Structure formats: C-alpha cells, structure tokens
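Protein chains in written order, with this note's numbering: chain B, 1 to 314; chain Z, 1001 to 1307. Ideal placement from N, C-alpha and C gives every residue a C-beta, glycine not left out. On a predicted model such as this, the values are computed, not experimentally measured, just so you know. Data first, discussion second: the structure below is written as structure tokens.
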Amino acid sequence: MKKYLPLIIFTVLLAVPFIGFSTYIMHILILVLMWSVIGMAWNILGGYTGQVSFGHAAFFGVGAYTAGILYQHLGISAWWGLPASIVVLTALSLVIGYICLRLRGAYFALATLALGEICRVTAENLVDFTRGNLGILIKERTWVDKTWYFYIILFIAAVTYSIIKIVMESKLGYYFVAIREDQDAAESLGIDTTFYKTISLCLSGILTGTAGAFYMNYMGYIDPGVVFPLYDISIVTVMVVMVGGAATYGGPVIGAVIMVFLAEVIRSLPHIGAAHQTIFGIILIFIIMFLPNGIAGDYLKLFKIFRKHNRASS
Amino acid sequence: MAQLELFLQTLISGFLLGGLYALIALGMALIMGVMRIINLAHGDIMMMAMYIAFWLFTLFGIDPYVSVFIAAPALFLFGMGVQKYLLTPVMKVESILPHNQVILTVGLAMVLSNLATVLFTGNYRSTPVNYASNAWYLTDIWKGSPIELSLSMPWTLSFVIAIVITIALWLFLSKTDIGKSIRATSQDPDAALILGVNVNRMRMLTFGIGCALVACAGCLFIPIYYLYPSLGKQFTNVGFVITVIGGMGSTNGAVIGGLILGIFESMTATYIGMGWAPVGRFAIFVAALVFLPGGVASIIRRRKLGK
C-alpha cells in the first residue's frame, strides 16, 4: 500500500481539474505543488546531504529571472525559461558550489545566506538588465484558466519526486547520506565529498530554479523583493522541510500542504494577518524544540502523545 | 586635491562606522566563541534596543546615549532568558538536521522583526537630537589647511563610547574571574566543566553580554541612523560578515574585522554607488571565506607563534 501511495496521489491529482474546483482552490493547489518541488529540492541538499542552506531564494529567484529576462529582452515566451533555467542554474550551482562547498556546517549556511542576499541586491541594482525594483511583468498571460498551469507544475513535481527517488536509491544517494552522517569517514572511505556535494547542490539548485521559472510564468510578475527574500522564500523553504520531515520522501509534500494552507488561513484572518511571520517564527521554534524531525520523521512520537492524551482523558 | 579630500573623508567615515560595527560584531563573536553558533537574531536584538532608545527619547526626552544604561541591562536579561529557555533545551534535542540552534535564532529574528512591524508600524523613525548636525572642521583648527575635512560630532561620540565599551569588555574578559571562565568555556567546554566552571551559567551570561553589547551598539547608532522594523537583518549580516572576517569567535579579530568592513563599505558606497555597498560587504565576506578561512585571528596567531 505504502509503495503505491505516491502513484495513487498522482492519479487523484490528475483528476482534480475535472472536479471543477474554484479558481482560488486551484491556485492553492498550484502553490502547494510548487512549494513541494522547492521543499523536495532543498531536501536533497539539506536533508540527505546534510548541507543546510539558507539561500535557496537565490536559486528560486535566478530561475524566475531567467524566464523573466528571456521574455523582457529577447521577446520570446517565458516558458522557454524552464529549459533555460536548467542551464543557468547548473552554471550558478557550480559557481556557488565552488565557493561554498569547501566550507562546512555553519560556515556553509552563512555563505549561502550571503549569496542569497548578493543575488537580491544585484537584481535590485542591475536596473538595465533586471529593471531593478520595478520588476518584470508578463503582459500577456498564456492561459486564463488554471488547469494547464496545474498540470505543468504537477508534471514538474512528479519528475522531481521520481528523480529524488531514483537518486536516493542509487549509489549516489548512499554517498549523500554518508556525507551527512560523517564527512571525514566518508572521505576516508574514498568518497570525493566535494564532488558529490556539488552534484547534490546542482540537483537541488536546478529543481528549485525550475520552480522559480514556473512561478514567473504563473504569477506573471516578479521583483527582487518577491523572489529573493530571506524569510519568505529561503526560511519558508527550510520550514516546509522541517515541518514535514527532513530526509523523507513525503515530508516536503506534507510540509508544503501544511505551510501553504497555514499561510492562507493566517493571512485571511483580520488583525492577525500582518503578524504571519511572527506565527511562522513561533511554529519554527516549536518544531525545532519538540518535533525536530518533522511530522513524517516523528509521527510515532506524535501518535504516542495523542495516545497518552486519549488514555488520560478516557 | 578634491580627490584626496574625498578619499580622506571616506576613510574617516569608514573608520567611525567600523568602530560601531566592531561593537555589533563583538557580541556575536563572543556568542560564537562560547556557544559555537551564529546568532542570526543579533540585528533584531539591536533593533529592540533601538526602539527602547527611541521611545525613551520620544516619551521622556532621555538622550539616546543615556539610554545605553537602560537598554543594555534590559537586553542582558532578555538574552539570558533566550539562552535558558530556548537554546539550552534545543541543545539536547536529537535531529537529522544539524544547526538546530541557528535555525532557532532565525525563528526568533522573524518573530522580533515582525512583532516590531505590528506594534510600531513600518515607518522610518529617528531621534532628532539637537546636536545631530554638529561637526568639527579641519579648517577651524588649522587655518591654512589645503583640504577641508569634517568630523561629525554624534559619529565621533558614538565611536568613542564604542571604544570605551570595547576596552571595558576586554578588561572584563582578561582580568575578572567570570571573564576568565567565559574564555575557558570558549576554549574547551569539556575541560572547563571538569575544572569546575558552571558551563551552562557561562553560556547564559555570554548570551546576555552579547545582547547587551549589541544593545549598546543600537543606542549608539540611533542618533546617527534611522530606525525601521526590518533593519535587524542588515546588521545581522554585518555582524556575521565581520565575525567571519575576524575569525570565528575571536574578539580581537572582530574589532579589526569591524574596522576593515567599515572602511571597505564606505569606499564601495563612495566610489561604486550607494546601492552596491551591501554587495561589497558580501564580496569581502566570500573572499574572506575562500582565501582566509581562519580570519584575521589566524594571522594574529601566526604572528605570535612566529615570535
């Protein structure tokens, strides 16, 4: 049963547009799928390889800007951004990997954080190229209806999931986990850790960038504050994975569902809406303290708490 | 001549800025040394101190420089509380992801900056002290000087106070018993524990002192800067960039790193453009990580060993 669960979910999702949900619900579902892709991508690097990144907004934003700039300067459809972002993101990941992956632990996290900020400030200042804070607007939308957007992001999510599944069950995946568990031991066993970490970073970066390019096409407008922010993208990415469960296949998806719904609910509440980051921060602190491996990682612990509670009440 | 004047003026303002940056980074370096974590809520704690100073000034007319004595103890207690109730419990939690405590400080930063936005709105604020635009000019002292240089009074005052606090911290760390225990904890927590140092209490104290230092920096910054809720992130970045330039956890390195960054930033702002100053900050950060991973501290150490 458990083996076929992803397939079942995929099939159910394929049928979703025929149910005739309202545009708003379709929008939420698209966002959930997009965040699942970003979360799964982060999970390759952070969860499996153990390199916590605070700068995934850099990949997301560069992906989005690749699509946007193709449209803005070359006048071709922003959908070309999807394949183009793979090339751009590979290059970017190699550069970032060259600089950051020689660092370990907290140093790496800080370096990625700084790189995310560098990308934001650069996008703000290269006004001729990126239009700075004016942002890039796609004047003609491809579809008004959300169905095709939904299928495209569903396809991307399915591909991402399969890639991660295949990679993690291959030798490569074992190398990644070995690096996470003990880098020195991995190195002494003959694993070229920097090389495999670079592969992990590239995979993670490309998948995040694809999500970014999709975001540009879907939302039709980007500016540096929307696609490069530290809290709203980079940290929310970390939260998606932490809430769902790091280093699990389903974790990021669960996390994305929870985080997107939570964000929508909190934002729609009067008065509290402005404080959504406070609530996110408190949730983050709570998760770190009590559910460090997320819902998918600690579900046994959750069950235990509930069972104890039930027993006490009955 | 105008070129030289501009250059010297940039150098002076960079130096003054660097002294204040050093104070921010000192607290972070201290926390880094003892706890082995980067406190990513550092700038937001500074923002809290700045709001304290701002409200004291607006409501009671207390000079920002005087509010150092109120903000620093308040945030000292706040820091001790954070360490005791948030960071220490997390140390014991087992998880797959490393750097739990760092992520926790990010959560704290989110809460603080967002709460400030909700409570105090996103408006830019400042304390209009009456000496804000006072300055000393070179031509006042040396009549026949070929170039004109100026020294802003609040900047200089803040710089001097920052230096005094830095010296006081240095005396505290090197002369008192508690200071020595803190340094022992920073060098080797296990050995310190065996030798009878209460490591947990030292951690609490260190986090408190780190917050108090950045609170002082906040109070010194407010007469010369403006205040808005999301300002914390910028100064957190400044703090960790300096901590890395100076060498993780080294307080001497933090002071030198602060001066380097201050001068470098004002050079970028003058010669490349205002908006690029943050890029300069991160460029020097990445360069330090790649070419000098041990930071300035490693150079100092090498010098000492060479002798």
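{"Check": "Contact set between Z/Ser-1174 and chain B, taken where Cβ atoms lie within less than 9 Å", "Outcome": "In chain order: nothing, as chain B lies at least about 27 Å away."}
{"Check": "Residue-level contact to chain Z via CB, B/Ile-285, 8 Å cutoff", "Outcome": "yes"}
{"Check": "Contacts of Z/Pro-1089 in chain B (Cβ-Cβ under 8 Å)", "Outcome": "Met-289"}
{"Check": "Z/Leu-1004 vs Z/Gly-1210 beta-carbon contact at 8 Å", "Outcome": "no"}
{"Check": "Contacts that B/Gly-187 makes with chain Z (C-beta to C-beta distance below 9 Å)", "Outcome": "Per the sequence shown, the amino acid found at residue 187 of chain B is Glu instead of Gly. Going along chain Z, no residue has its Cβ under 9 Å from B/Glu-187, so there is no contact; the nearest lies around 17 Å."}
{"Check": "Any C-beta of chain Z under 8 Å from that of B/Phe-59", "Outcome": "no"}
{"Check": "B/Gln-183 classed as buried or exposed, judged by whether at least 16 other C-beta atoms fall within 10 angstroms", "Outcome": "buried"}
{"Check": "Nearest candidate by alpha-carbon position, reference Z/Leu-1231, set Z/His-1042, Z/Ala-1288 and Z/Arg-1201", "Outcome": "Z/His-1042"}
{"Check": "Interface residues of the stretch 1259-1291 of chain Z facing chain B [CB-CB below 8 Å]", "Outcome": "Gly-1273, Gly-1275, Trp-1276, Pro-1278, Val-1279, Phe-1282, Ala-1283, Phe-1285, Val-1286, Leu-1289 and Val-1290"}
{"Check": "Cβ of Z/Gly-1061 within 8 Å of any chain B Cβ", "Outcome": "no"}
{"Check": "Given Z/Ile-1299 as reference, the closest of Z/Ala-1217, Z/Asn-1252 and Z/Ser-1266 once Cα atoms are compared", "Outcome": "Z/Asn-1252"}
{"Check": "Minimum Cβ-Cβ distance from Z/His-1099 to chain B less than 8 Å", "Outcome": "yes"}
{"Check": "Stretch-stretch touch, CB-based, cutoff 8 Å, three pairs: the stretch 13-33 of chain B with the stretch 141-153 of chain B", "Outcome": "yes"}
{"Check": "At least three beta-carbon pairs within less than 8 Å, the stretch 51-58 of chain B to the stretch 272-284 of chain B", "Outcome": "no"}
{"Check": "Beta-carbon separation (whole angstroms), B/Ser-204 vs B/Ala-41, contact threshold 8 Å", "Outcome": "5 Å"}
{"Check": "Bridge partner(s) assigned by DSSP for B/Tyr-221", "Outcome": "B/Leu-137"}
{"Check": "Three CB pairs or more closer than 8 Å across the stretch 1209-1223 of chain Z and the stretch 1157-1166 of chain Z", "Outcome": "yes"}
{"Check": "Residues of the stretch 1034-1048 of chain Z with Cβ closer than 9 Å to any Cβ of chain B, in chain order", "Outcome": "Arg-1036, Ile-1037, Ile-1038 and Leu-1040"}
{"Check": "Chain B within 8 Å of Z/Val-1214, Cβ atoms only", "Outcome": "no"}
{"Check": "Residue closest to B/Val-37, alpha-carbon to alpha-carbon, out of B/Phe-195, B/Ser-162, B/Ile-199 and B/Ala-84", "Outcome": "B/Ser-162"}
{"Check": "Within chain Z, the residues that B/Val-95 reaches when beta carbons sit closer than 7 Å", "Outcome": "Here the premise fails: no neighbours, minimum Cβ distance about 11 Å."}
{"Check": "Top-ranked residue by Cα proximity to B/Ala-296, from B/Ile-28, B/Ala-256 and B/Pro-270", "Outcome": "B/Ala-256"}
{"Check": "Of the residues Z/Thr-1010, Z/Val-1296, Z/Phe-1291 and Z/Ala-1287, the one placed nearest Z/Arg-1148, counting alpha carbons only", "Outcome": "It should be pointed out that residue 1148 of chain Z corresponds to Glu in this sequence rather than to Arg. Among Z/Thr-1010, Z/Val-1296, Z/Phe-1291 and Z/Ala-1287, the Cα nearest to that of Z/Glu-1148 is on Z/Thr-1010."}
{"Check": "Closest residue to B/Arg-141 among B/Ala-78, B/Gly-132 and B/Ala-275 (Cα-Cα distance)", "Outcome": "B/Ala-78"}
{"Check": "Simplified DSSP assignment, three categories, for B/Ala-211", "Outcome": "helix"}
{"Check": "Inter-residue spacing [alpha-carbon to alpha-carbon] between B/Ala-67 and B/Ala-84", "Outcome": "8 Å"}
{"Check": "C-beta neighbour in chain B for Z/Lys-1307, strict 8 Å", "Outcome": "Caution is warranted here: a pLDDT of 48 is assigned to Z/Lys-1307, below 50, making its placement in the model unreliable, and the coordinate value is therefore given only provisionally. Answer no: the Cβ-Cβ gap between Z/Lys-1307 and chain B never drops below 8 Å."}
{"Check": "Within chain Z, partners of B/Ile-163 - CB distance below 8 Å", "Outcome": "Simply none; closest approach about 21 Å."}
{"Check": "One or two residues paired with Z/Ser-1150 in a DSSP bridge", "Outcome": "Z/Tyr-1137"}
{"Check": "Residues that Z/Asn-1237 contacts on chain B, provided the C-beta gap is smaller than 9 Å", "Outcome": "Leu-113, Ala-114 and Glu-117"}
{"Check": "B/Leu-372 - DSSP class collapsed to helix/strand/coil", "Outcome": "No answer is possible for residue 372 of chain B: the residues shown for chain B start at 1 and end at 314."}
{"Check": "Counted within 10 angstroms of its Cβ, other Cβ atoms place Z/Lys-1307 as buried (16 or more) or exposed", "Outcome": "Annotation note: pLDDT 48 at Z/Lys-1307 (below 50); position unreliable, no value reported."}
{"Check": "When B/His-271, B/Arg-120 and B/Tyr-98 are compared against Z/Ala-1287, the one with the closest alpha-carbon", "Outcome": "B/Tyr-98"}
{"Check": "Continuous alpha helix (DSSP H) stretch holding B/Arg-104: start and end", "Outcome": "Careful: B/Arg-104 lies outside any alpha helix (DSSP H) and carries neither H nor E."}
{"Check": "Beta strand (DSSP E) runs contained entirely in the stretch 1072-1096 of chain Z, provided each spans 3 or more residues", "Outcome": "none"}
{"Check": "Nearest to B/Ile-166 (by Cα), restricted to the options B/Cys-119, B/Leu-201, B/His-271 and B/Tyr-249", "Outcome": "B/Tyr-249"}
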